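K.L.:
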Amino acid sequence: MSAPDTNLDRQARRHKPSLWGIAIAVGAAAIFAVTAFLLDGVPADDQAAGIPEATVATQ
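Numbering-wise (my numbering), the sequence shown opens with residue 437 and increments by one.
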């Protein structure tokens, strides 16, 4: 079943904001992925150390 009124110019105009939003989201994800791979982050030694134990103060 086809649509009764297919005005391609109107459809392109109506979908333009959605397509821009998708393009921006893909671009942001690509920037995040490249940044995540290029940065060192937390060194492995610090990750394995865990949380330091808290000292208990006696009264």
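C-beta atoms are modelled at their ideal positions from N, C-alpha and C, and glycine is treated no differently. These figures come from a predicted structure and were not determined experimentally.
Pick helix, strand or coil for Ala439, following the three-state DSSP scheme.
P.N.:
It is coil, neither helix nor strand.
K.L.:
To the nearest angstrom, how far is it from the Cα of Phe473 to the Cα of Leu455?
P.N.:
When rounded, the distance between both Cα atoms is 27 Å.
K.L.:
What residue does the alpha helix (DSSP H) around Leu474 start on, and which one ends it?
P.N.:
That run of the alpha helix (DSSP H) goes Leu444 to Leu474.
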